[in-house]
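J.: Sending over a structure as structure tokens; questions will come in a sec.
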Amino acid sequence: MSEELSIDVAEVDDVVATSPQAEAPEVTVTELEEEGEVAADYVEELLDICDLDGDIDIDVRDGRSYISVASQEGEANLAALGSPQAVAALQELTRLAVQAKTGRFSRLILDVQNSRERREAELRELVENAVARIDAGTDRVPLAPMTSYERKVIHDLSAERGLDSESEGQGRDRHIVLSRSTD
1286 MSEELSIDVA EVDDVVATSP QAEAPEVTVT ELEEEGEVAA DYVEELLDIC DLDGDIDIDV
1346 RDGRSYISVA SQEGEANLAA LGSPQAVAAL QELTRLAVQA KTGRFSRLIL DVQNSRERRE
1406 AELRELVENA VARIDAGTDR VPLAPMTSYE RKVIHDLSAE RGLDSESEGQ GRDRHIVLSR
1466 STD
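Residue numbers (the working numbering): 1286 to 1468.
Okay, here's the thing in structure tokens:
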């Protein structure tokens, strides 16, 4: 009796974002540094288990711990972890490990091989394409389902471009619809 385990990162992301813990009191810089160290240890252990090479950097800013994993130019073995889905899944696992160790909800952000920067460029292009479609007469432009982090980026980018953005759907179908601003 073997059952395949399937984790829908978008659903986990939505549950975490709407949980009462998501509104937890602000943590101190010292607590965020501790969170970063715990997260770095967890990620380093995972990289060792997977026989992957990477340098881990920890940064604390804007009330969050940021963990970046990168490898040197010729070391491409981190590429498998650089997809948006893999980064989101690894981030959630790392958050759970931090929470288990510290007893506090974690809002850390994980980046592998600058994947977040690449994804933000893709999301910016999606918004620009939506702007072109709206300028051409389309009333509403629905985007593909994405994680809450990606939806936040889209909301911010669309506001910069003077568009309205609204999240619709549930779980894995949660997506954004862009339209001309009514203001």
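The beta carbon of each residue, even a glycine, is placed where N, CA and C say it ideally should be.
Please read all numbers here as calculations on a predicted model, not as lab measurements.
If I'm right that Leu-1463 touches Ala-1415 with Cβ under 8 Å, what's the distance once you round it to whole angstroms?
T.: Counting from one through the sequence shown, the residue named residue 1463 turns up at place 178. Counting from one through the sequence shown, the residue named residue 1415 turns up at place 130. Confirmed, Cβ separation roughly 5 Å.
J.: Apart from the five residues on each side of it in sequence, which residues of its chain come closer than 6 Å, Cβ to Cβ, to Ser-1400?
T.: For the purposes of this step, residue 1400 is identified with residue 115 of the sequence shown, where counting begins at 1. Here the set comprises Gly-1367 and Val-1372.
J.: Enumerate in chain order the residues of its own chain whose CB-to-CB distance from Asp-1326 is below 8 Å, with the five nearest sequence positions on each side excluded.
T.: To locate residue 1326, count along the sequence shown from 1; it is residue 41. Here the set comprises nothing.
J.: Output the boundary residues of the beta strand (DSSP E) element that contains Arg-1465.
T.: Translated into the one-based positions of the sequence shown, residue 1465 becomes position 180. Segment 1460-1465, the beta strand (DSSP E) holding Arg-1465.
J.: Identify every residue that forms a DSSP beta bridge with Asp-1344.
T.: In the sequence shown, residue 1344 corresponds to position 59, counting from 1. In DSSP, Asp-1344 forms a bridge with Tyr-1351.
J.: Less than 8 Å between the CB atoms is what I'm expecting for Arg-1459 and Ser-1452, so what's the real figure, rounded?
T.: Counting from one through the sequence shown, the residue named residue 1459 turns up at place 174. Counting from one through the sequence shown, the residue named residue 1452 turns up at place 167. The pair is a contact, with the Cβ atoms about 6 Å apart (cut-off 8 Å).
J.: Return the first residue and the last residue of the beta strand (DSSP E) that Pro-1427 is part of.
T.: Position 142 of the sequence shown, counted from the first residue, corresponds to residue 1427. 1425-1427 is the extent of the beta strand (DSSP E) around Pro-1427.
J.: For Val-1340, which residues in the same chain have their Cβ closer than 6 Å to its Cβ, ignoring the five residues on either side in sequence?
T.: Working through the sequence shown from its first residue, we reach residue 1340 at position 55. Per the sequence shown, residue 1340 should be read as Asp rather than Val. Here the set comprises Ala-1355.
J.: What do you get for Thr-1379, buried or exposed, if any count of 16 or more other CB atoms within 10 angstroms of its CB means buried?
T.: Within the sequence shown, the letter at position 94 stands for residue 1379. Looking at its Cβ environment, which holds 16 or more other Cβ atoms inside 10 Å, Thr-1379 is buried.
J.: To the nearest angstrom, how far is the alpha carbon of Ala-1406 from that of Glu-1322?
T.: As a working mapping, residue 1406 is identified with position 121 in the sequence shown. As a working mapping, residue 1322 is identified with position 37 in the sequence shown. Straight-line Cα distance between these residues: approximately 29 Å.
J.: What residue does the alpha helix (DSSP H) around Val-1372 start on, and which one ends it?
T.: For the purposes of this step, residue 1372 is taken as residue 87 along the sequence shown, with counting starting at 1. Here the alpha helix (DSSP H) through Val-1372 covers 1369-1387.
J.: On the premise that Leu-1393 lies in contact with Ile-1352, defined as a C-beta separation below 8 Å, what is that separation, rounded to the nearest angstrom?
T.: Taking the sequence shown and counting its residues from 1, the one referred to as residue 1352 is at position 67. Taking the sequence shown and counting its residues from 1, the one referred to as residue 1393 is at position 108. Right, their Cβ atoms sit about 6 Å apart.
J.: Just grab the DSSP bridge partners of Val-1312 for me.
T.: What you label residue 1312 is simply residue 27 of the sequence shown in a count that begins at 1. None; Val-1312 has no bridge partner.
J.: Looking at the strands, I want to know which residues DSSP matches up with Asp-1396.
T.: Here residue 1396 is taken as the residue at index 111 of the sequence shown, counted from 1. Ser-1353, per the DSSP bridge assignment.
J.: Does the distance from the CB of Leu-1448 to the CB of Ser-1466 come in under 8 Å?
T.: Position 163 of the sequence shown, counting from 1, holds the residue named residue 1448. Position 181 of the sequence shown, counting from 1, holds the residue named residue 1466. Yes, the Cβ-Cβ distance between Leu-1448 and Ser-1466 is below 8 Å.
J.: Rounded to whole angstroms, what is the Cα-Cα separation between Ala-1421 and Tyr-1434?
T.: Counting from one through the sequence shown, the residue named residue 1421 turns up at place 136. Counting from one through the sequence shown, the residue named residue 1434 turns up at place 149. Each residue's Cα considered, the two are about 29 Å apart.
J.: When you compare only the Cα positions, how much space is there between Asp-1333 and Ala-1324?
T.: Counting from one through the sequence shown, the residue named residue 1333 turns up at place 48. Counting from one through the sequence shown, the residue named residue 1324 turns up at place 39. Cα to Cα, Asp-1333 sits roughly 14 Å from Ala-1324.
J.: Consult DSSP for Ser-1433 and reduce its assignment to one of helix, strand or coil.
T.: Looking up residue 1433 in the sequence shown gives position 148. Note: Ser-1433 maps to helix in three-state DSSP.
J.: Report the three-state DSSP secondary structure of Ser-1443 (helix, strand or coil).
T.: Here residue 1443 is taken as the residue at index 158 of the sequence shown, counted from 1. Ser-1443: helix per DSSP, three-state reduction.
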